[in-house]
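Trainee: Protein chains in written order, with my numbering: chain B, 2 to 274; chain A, 5 to 267. The beta carbon of each residue, even a glycine, is placed where N, CA and C say it ideally should be. All figures in this text were calculated on a predicted structure; none of them were measured in a lab.
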């Protein structure tokens, strides 16, 4: 596989760990009707940190991820990205109001999101998928945007597929295009929602490899995943969620090998055997 | 009397000028009304999902009323009704330098208003057929909802719209004949006039039927070409419909036709 300009070479920037929080969630609650899907979730992610969220399905991990870029609205609590409330603004009287659409869109530019089902635009080629947001949101000229797109596709190892339509690509290639598309907006934070769950087993590795390189470059990442190997090798911290709550969080080796909570141990025994 | 072959053949091959004028009028009424109907339908479909309640109510009410009343009644209300009330009497007007008689304006407006309601339902179904993840992916990149609709959702929805749109236009070519009721001199009324002078009803309307089938068949061929071109660009998002299916029914066209209710 071809990959340009990354990690293994010495010029790649070292992981920047400034300790500055990129995501700060405090007491976040979310209900779907009567269903309490997020129950007092607090989590902070520092710049350059890679946090992997694990947990059984229905534990609220995907919902939490979607709240971070306001694909879902939180019902209570504080959720800050780069120090700004996401999706809400404080009025003069100190109350919370829904932010204007323009404000939410501007905040989302800072946050890349990679979906389980890729959600590539099927009517556009790989390069056009990557170039669409820069041309429409940032008003970058088309030829410049397409050049940048080609460079980003090279970065995820599929430059030669720039003129292919999504349906002509394998799942692994599609997900790498999706990652390039998110990177095109130069986000400060990347969110991955089970990025390899929809892939055939033989394609999981190529996507995880791109993510590993991205992490090594210092990207701040929150990853919902069942890939324990990835969590161990790339994650700085693993967070276990169940029934809408954060059960425990810690360094990968510690949490995965010596979980303090019984529920974590039970979950791990199911996915690791 | 018996079937007059000579009369039939002569009328078919050497139609009077009024037939040709009528047929041309049928085609241009249908084309303009269909284009306007698509525009109205798109606006209504978007208003139906707009955040503002009055727009949603207006769009739903429009569709409810138009689909709930016969085109024949709508035509009489628009033309004779408005004129009778003294609200608007459809004076002849120049549009882009072309003189459009009042009755043609009324005909186009009636057909466009009517078609808009049906197109709105087709557009809505098409927009809903686009996976929600598409709009989510677009907004997650910082696009506004409007931009996501325009650049991501609508281009995909339009491919789904093409087959039922073809059905609509086929229908449109034929329902123009209803405008004869307000005295619009399209193909059907031209034939009626001719009939009242000749009384060869069977032969005359057989010729008229053949004219309509020629128009709709030509359209089917054009539509096949459009769909082939769209399918060759960017992979086949819509099922290919053969010309045979298009003319004689069945297959993907039958499925696409289910998007729209019976008129």
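#1: Determine whether the Cβ of residue 149/B lies closer than 8 Å to any Cβ atom of chain A.
#2: Taking the runs of the beta strand (DSSP E) that are 3 residues or longer, which of them lie wholly in the stretch 65–120 of chain A?
#3: Assign residue 181/A to one of three DSSP states: helix, strand, or coil.
#4: Going by Cα to Cα distance, which pick from 113/A, 45/A, 249/A, 197/A is closest to residue 224/A?
#5: Taking the alpha-carbon of residue 80/B as reference, which of 28/B, 231/B, 128/B, 243/B has the nearest alpha-carbon?
#6: Are the C-beta of residue 231/A and some C-beta of chain B separated by less than 8 Å?
#7: Does the contact criterion of 3 or more C-beta pairs under 8 Å hold for the stretch 206–221 of chain A versus the stretch 145–164 of chain A?
#8: For residue 51/B and residue 222/B, which I take to be in contact (beta-carbon distance under 8 Å), what is that distance rounded to the nearest angstrom?
#9: Just to confirm before moving on: does the CB-CB distance between residue 44/B and residue 247/B stay below 8 Å?
#10: Pull out every residue of the stretch 117–151 of chain B whose Cβ sits closer than 7 Å to any Cβ of chain A, in chain order.
#11: Could you give the DSSP three-state label for residue 193/A: helix, strand or coil?
#12: What residue range does the beta strand (DSSP E) around residue 80/B cover?
#13: Express the C-alpha separation of residue 177/A and residue 219/A in angstroms, rounding to a whole number.
#14: Under 8 Å between beta-carbons, which chain B residues line up against residue 159/A? List them in chain order, please.
#15: With 8 Å set as the bound, which would you pick, yes or no: does the beta-carbon of residue 145/A sit closer than that to a beta-carbon of chain B?
#16: Just verifying my parser: in three-state terms, what is the DSSP assignment at residue 22/B?
#17: With 8 Å as the threshold, decide whether the Cβ of residue 165/A is near any Cβ in chain B.
#18: Report the partner residues of residue 45/B according to the DSSP bridge assignment.
#19: Smallest Cα separation from residue 190/A: which of 24/A, 8/A, 17/A?
#20: Under DSSP, the alpha helix (DSSP H) around residue 138/B begins and ends at which residues?
#21: Determine the contact status of residue 236/B and residue 253/B, defining contact as a CB-CB distance below 8 Å.
#22: Name the residue from 173/B, 227/B, 217/B, 41/B whose alpha carbon lies nearest to the alpha carbon of residue 205/B.
#23: Chain B partners of residue 155/A, CB-CB under 8 Å?
#24: Determine, using beta carbons only, whether residue 106/B and residue 146/A come nearer to each other than 8 Å.
#25: Going by beta-carbon coordinates alone, are residue 60/B and residue 244/B separated by less than 8 Å?
#26: Hey, would you say residue 188/A sits closer than 8 Å to residue 107/A, going by beta carbons?
#27: Give the residues from the stretch 63–85 of chain B that approach chain A closer than 7 Å (Cβ to any Cβ), ordered along the chain.
#28: Step through the CB atoms of chain B and report whether any lies within less than 8 Å of the CB of residue 148/A.
#29: Can you tell which of 102/B, 33/B, 34/B, 215/B has its C-alpha closest to the C-alpha of residue 181/B?
#30: Taking C-alpha atoms, which residue in 167/B, 137/B, 88/B lies nearest to residue 69/B?
#31: By DSSP, does residue 14/B sit in helix, in strand, or in coil?
#32: Out of 40/A, 143/A, 17/A, 197/A, which has the shortest C-alpha to C-alpha gap to residue 104/B?
#33: At 7 Å on the CB atoms, spell out the chain A contacts of residue 110/B, in chain order.
#34: Hey, would you say residue 239/B sits closer than 8 Å to residue 183/B, going by beta carbons?
#35: For residue 272/B, collect the residues of the same chain with a Cβ closer than 7 Å to its Cβ; drop the 5 residues on either side in sequence, then sort them by chain order.
#36: Between residue 101/B and residue 149/A, what straight-line distance do the alpha-carbon atoms span, to the nearest angstrom?
Mentor: Quick look at the numbers:
#1: no
#2: 97–99, 102–104
#3: helix
#4: 249/A
#5: 28/B
#6: no
#7: no
#8: 5 Å
#9: yes
#10: 118, 120, 122, 123, 124, 133, 134, 137, 138
#11: helix
#12: 77–82
#13: 8 Å
#14: 124
#15: yes
#16: strand
#17: no
#18: 25/B
#19: 24/A
#20: 127–138
#21: yes
#22: 173/B
#23: 133, 137
#24: yes
#25: yes
#26: yes
#27: 70, 72
#28: yes
#29: 215/B
#30: 88/B
#31: Residue placement at residue 14/B is flagged as unreliable, the pLDDT there being 45, under the threshold of 50; a coordinate-derived value is accordingly withheld.
#32: 143/A
#33: 146
#34: no
#35: 227, 229
#36: 12 Å
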